[in-house]
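Numbering (the numbering used here), first residue to last: 447 to 651. Okay, so here's the structure we're looking at.
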Amino acid sequence: MVMEKNNVKGVKEFYDDTAMMWTDEWYDNTMMMPFLKKVASMLPNGARVLDLGCNSGYETRRMKELGLNPVGLDFSKNCIDIAKERNNDIAFFCDDMLNDLTYLGKFDSIVAIASIIHIPEDSLELCFKRIYDILNDDGYLCMVVRNEIGKLDASYKTIGNQDYDREVYGFSKEFIEEKINGKFVFIEEMIAHDDHWKYYFYKKV
Ligand SMILES: C[S@@+](CC[C@H](N)C(=O)[O-])C[C@H]1O[C@@H](n2cnc3c(N)ncnc32)[C@H](O)[C@@H]1O
447 MVMEKNNVKG VKEFYDDTAM MWTDEWYDNT MMMPFLKKVA SMLPNGARVL DLGCNSGYET
507 RRMKELGLNP VGLDFSKNCI DIAKERNNDI AFFCDDMLND LTYLGKFDSI VAIASIIHIP
567 EDSLELCFKR IYDILNDDGY LCMVVRNEIG KLDASYKTIG NQDYDREVYG FSKEFIEEKI
627 NGKFVFIEEM IAHDDHWKYY FYKKV
């Protein structure tokens with residue numbers, strides 16, 4: 447699809463502009479519950495987890511309800527503002543996951559649901575390094591990624607008169623493991639809610 451470049455907004459702007467839409471859609475949608483329950487089953491009650499790319503905090507909320515001690519991070523300010531407003535018992539941070547996040551302290555698990563999908567291929571290794579740096583020894587990396595390869599057509603979206611390139615990428619498991627660069631070991635894959643997605647569980651080594 448060809449679009450006029452100067453008119454196209456990127457990933458962060460897309461989520462800023464649509465923050466309310468995801469909030470309305472997802473606070474009551476429990477589709478990710480089997481994945482979240484699996485995450486909770488791997489951890490002790492009260493384990494510190496980071497919801498990486500948490501949007502407006504709906505899955506962060508559910509992690510709290512499952513007995514975990516979650517923190518949310520997203521680079522969309524509008525999403526984080528809603529997350530804070532709706533969850534005064536959870537800490538939320540507005541930042542880019544490619545930045546140094548060590549100020550957040552360490553976590554027992556990083557939960558990245560459909561968020562690493564927005565990281566360009568040439569930044570994926572840095573993304574895993576940032577995650578590694580804030581995981582406790584033996585901590586888990588639990589991720590939901592696209593079951594396709596390369597930049598997806600779903601990247602391009604028009605809402606009203608506004609065109610977006612929200613940069614959606616699919617990575618093969620082999621590609622992920624190349625970029626993980628020995629920092630994590632694969633534990634298992636859980637069957638995803640549909641064929642477009644993969645649920646992968648890794649452990650820090
Ligand atoms: C498809 S949504 C998924 C949201 C939520 N995890 C869920 O399960 O529905 C992707 C989220 O990742 C966030 N995101 C994308 N790239 C990011 C980055 N580099 N740093 C922080 N957040 C990012 C977006 O703002 C958006 O809220």
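Glycine is no exception: its CB is placed at the ideal position from the N, C-alpha and C atoms.
- Straight through space, the alpha carbons of R592 and G551 are spaced by roughly 29 Å.
- With a cutoff of 8 Å on beta-carbon distance, D497 and G518 are scored as near each other.
- By the Cβ rule, the region 522–538 does not count as touching the region 582–592, because fewer than three pairs are nearer than 8 Å.
- If the five residues before and after Y504 are omitted, its C-beta is found closer than 6 Å to the C-beta atoms of W472, Y473, all from its own chain and listed in chain order.
- The continuous alpha helix (DSSP H) containing R507 extends over residues 504–511.
- Your pair D584 and K649 checks out as a contact, with CB atoms roughly 6 Å apart and the cut at 8 Å.
- Exposed is the label assigned to V631, since fewer than 16 other Cβ atoms lie within 10 Å of its Cβ.
- By the Cβ neighbour-count rule, H564 is buried, with 16 or more other Cβ atoms within 10 Å of its own.
- In this structure, K625 has its beta carbon at no less than 7 Å from each heavy atom of ligand 1.
- Contact between the region 455–462 and the region 597–616 is present, with at least three C-beta pairs closer than 8 Å.
- One alpha carbon belongs to A465, the other to E624, and they sit about 33 Å apart.
- Between E511 and the set K603, D470, I536, Y602, the nearest pair of CA atoms involves I536.
- Annotated as distal: G616 and L587, with beta-carbon spacing of 8 Å or more.
- From the listed residues Y645, K629, N491, the smallest Cα separation to M636 is found for Y645.
- With a cut-off of 7 Å, the C-beta of K458 is classified as near ligand 1, since at least one heavy atom of the ligand falls inside that distance.
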